[in-house]
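Everything in the sequence shown is counted per the working numbering, starting at -19 for the first residue and increasing by one. Even for Gly, the Cβ is constructed at its ideal location relative to N, Cα and C. Written out below as C-alpha coordinates is the structure these notes cover.
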Amino acid sequence: MSPMIAWLVLTIVFTGLLWVPYILELLVHHGPINALRDPDGAIVHGHAWAVRAKRAHYNAVENLVLFAPLVLLVHALKLETPATATAAGAYFWFRVAHYGVYTLGLPFIRTVLFLAGFACQAVLALRLLAVL
-19 MSPMIAWLVL
-9 TIVFTGLLWV
1 PYILELLVHH
11 GPINALRDPD
21 GAIVHGHAWA
31 VRAKRAHYNA
41 VENLVLFAPL
51 VLLVHALKLE
61 TPATATAAGA
71 YFWFRVAHYG
81 VYTLGLPFIR
91 TVLFLAGFAC
101 QAVLALRLLA
111 VL
(Lines of atoms letter the chains of each structure in order from A and count residues from 1; the text may use other names and numbers.)
(Lines give C-alpha, C1' and ligand atoms only; values in the text may rest on other atoms or scores of the structure.)
Protein backbone atom coordinates (compact mmCIF):
# COMPACT_ATOMS: atom_id res chain seq x y z
CA MET A 1 0.00 0.00 0.00
CA SER A 2 1.35 3.39 -0.91
CA PRO A 3 1.93 5.96 1.85
CA MET A 4 -0.77 8.22 0.42
CA ILE A 5 -3.37 5.46 0.46
CA ALA A 6 -2.33 4.49 3.99
CA TRP A 7 -2.82 8.10 5.16
CA LEU A 8 -6.17 8.21 3.38
CA VAL A 9 -7.31 5.04 5.16
CA LEU A 10 -6.21 6.44 8.53
CA THR A 11 -8.03 9.71 7.80
CA ILE A 12 -11.21 7.84 6.86
CA VAL A 13 -11.08 5.66 9.99
CA PHE A 14 -10.37 8.67 12.21
CA THR A 15 -13.22 10.67 10.66
CA GLY A 16 -15.51 7.67 10.99
CA LEU A 17 -14.91 7.55 14.75
CA LEU A 18 -15.41 11.23 15.53
CA TRP A 19 -19.09 10.72 16.41
CA VAL A 20 -18.22 8.59 19.44
CA PRO A 21 -17.38 11.32 22.00
CA TYR A 22 -20.45 13.48 21.42
CA ILE A 23 -22.82 10.51 21.26
CA LEU A 24 -21.35 9.19 24.52
CA GLU A 25 -21.92 12.66 26.02
CA LEU A 26 -25.59 12.45 24.99
CA LEU A 27 -25.93 8.98 26.52
CA VAL A 28 -24.30 10.05 29.79
CA HIS A 29 -26.00 13.44 30.06
CA HIS A 30 -29.53 12.40 29.07
CA GLY A 31 -29.43 8.68 29.82
CA PRO A 32 -29.65 5.97 27.17
CA ILE A 33 -33.45 5.93 26.93
CA ASN A 34 -33.82 9.67 26.34
CA ALA A 35 -30.78 9.92 24.10
CA LEU A 36 -31.94 7.08 21.85
CA ARG A 37 -35.60 8.11 21.84
CA ASP A 38 -34.96 11.26 19.78
CA PRO A 39 -35.62 10.36 16.10
CA ASP A 40 -34.91 13.91 14.87
CA GLY A 41 -31.58 14.43 16.62
CA ALA A 42 -33.00 17.46 18.39
CA ILE A 43 -31.81 16.61 21.90
CA VAL A 44 -29.54 19.39 23.13
CA HIS A 45 -26.06 18.40 24.20
CA GLY A 46 -25.38 19.03 27.86
CA HIS A 47 -21.90 20.44 27.33
CA ALA A 48 -20.49 23.00 24.91
CA TRP A 49 -17.51 20.76 24.12
CA ALA A 50 -19.89 18.13 22.70
CA VAL A 51 -21.49 20.69 20.37
CA ARG A 52 -18.02 21.72 19.20
CA ALA A 53 -17.00 18.06 18.75
CA LYS A 54 -20.06 17.52 16.56
CA ARG A 55 -19.21 20.60 14.47
CA ALA A 56 -15.60 19.45 14.17
CA HIS A 57 -16.86 16.06 12.98
CA TYR A 58 -19.04 17.70 10.33
CA ASN A 59 -16.08 19.83 9.22
CA ALA A 60 -13.90 16.73 8.97
CA VAL A 61 -16.50 14.99 6.79
CA GLU A 62 -16.85 18.06 4.56
CA ASN A 63 -13.10 18.16 4.03
CA LEU A 64 -12.75 14.40 3.56
CA VAL A 65 -14.99 14.80 0.51
CA LEU A 66 -12.22 16.93 -1.02
CA PHE A 67 -9.18 15.11 0.36
CA ALA A 68 -10.16 11.55 -0.63
CA PRO A 69 -10.65 12.15 -4.36
CA LEU A 70 -7.46 14.20 -4.53
CA VAL A 71 -5.45 11.35 -2.98
CA LEU A 72 -7.15 8.75 -5.16
CA LEU A 73 -6.54 10.74 -8.33
CA VAL A 74 -2.89 11.41 -7.51
CA HIS A 75 -2.44 7.70 -6.79
CA ALA A 76 -4.39 6.44 -9.82
CA LEU A 77 -2.53 8.76 -12.19
CA LYS A 78 0.81 7.68 -10.68
CA LEU A 79 1.67 11.24 -9.69
CA GLU A 80 2.80 10.43 -6.15
CA THR A 81 5.95 12.17 -4.98
CA PRO A 82 7.55 12.62 -1.58
CA ALA A 83 5.76 15.99 -1.42
CA THR A 84 2.32 14.47 -2.03
CA ALA A 85 2.95 11.70 0.49
CA THR A 86 4.09 14.26 3.05
CA ALA A 87 1.01 16.38 2.32
CA ALA A 88 -1.28 13.38 2.87
CA GLY A 89 0.41 12.51 6.17
CA ALA A 90 0.41 16.11 7.33
CA TYR A 91 -3.27 16.42 6.41
CA PHE A 92 -4.09 13.52 8.73
CA TRP A 93 -2.22 15.07 11.67
CA PHE A 94 -3.64 18.53 11.03
CA ARG A 95 -7.16 17.04 11.08
CA VAL A 96 -6.43 15.21 14.35
CA ALA A 97 -5.16 18.45 15.89
CA HIS A 98 -8.06 20.43 14.39
CA TYR A 99 -10.60 18.11 16.03
CA GLY A 100 -8.93 18.41 19.42
CA VAL A 101 -8.48 22.16 19.25
CA TYR A 102 -12.02 22.71 17.91
CA THR A 103 -13.46 20.56 20.70
CA LEU A 104 -11.48 22.51 23.30
CA GLY A 105 -12.77 25.78 21.84
CA LEU A 106 -9.49 27.38 20.77
CA PRO A 107 -10.60 29.47 17.77
CA PHE A 108 -7.38 31.01 16.41
CA ILE A 109 -5.39 27.79 16.54
CA ARG A 110 -8.35 25.99 14.98
CA THR A 111 -8.23 28.35 11.99
CA VAL A 112 -4.48 27.89 11.52
CA LEU A 113 -4.89 24.09 11.58
CA PHE A 114 -7.78 24.26 9.12
CA LEU A 115 -5.69 26.38 6.74
CA ALA A 116 -2.75 23.99 7.09
CA GLY A 117 -5.04 21.11 6.09
CA PHE A 118 -6.26 23.17 3.14
CA ALA A 119 -2.64 23.75 2.12
CA CYS A 120 -2.13 19.97 2.07
CA GLN A 121 -5.14 19.62 -0.23
CA ALA A 122 -3.71 22.39 -2.40
CA VAL A 123 -0.42 20.48 -2.78
CA LEU A 124 -2.36 17.49 -4.10
CA ALA A 125 -4.47 19.63 -6.43
CA LEU A 126 -1.42 21.47 -7.75
CA ARG A 127 0.27 18.13 -8.46
CA LEU A 128 -2.79 17.05 -10.45
CA LEU A 129 -2.66 20.32 -12.38
CA ALA A 130 1.04 19.70 -13.13
CA VAL A 131 2.07 22.83 -11.25
CA LEU A 132 4.18 20.82 -8.77
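- For K34, the uninterrupted alpha helix (DSSP H) run begins and ends at 28 to 56, by DSSP.
- In the displayed model, E60 falls within coil according to three-state DSSP, outside both helix and strand.
- When the Cα atoms are used, I(-15) and L108 turn out to be separated by approximately 16 Å.
- If you draw a straight line from the Cα of L53 to the Cα of A105, it is about 9 Å long.
- Here the alpha carbon of Y2 sits roughly 7 Å from the alpha carbon of V31.
- Rounded to the nearest angstrom, the gap between the Cα atoms of D18 and L4 is 15 Å.
- When DSSP states are grouped into helix, strand and coil, L7 belongs to the helix group.
- Membership of G97 in the alpha helix (DSSP H) is indicated by the continuous run 87 to 108.
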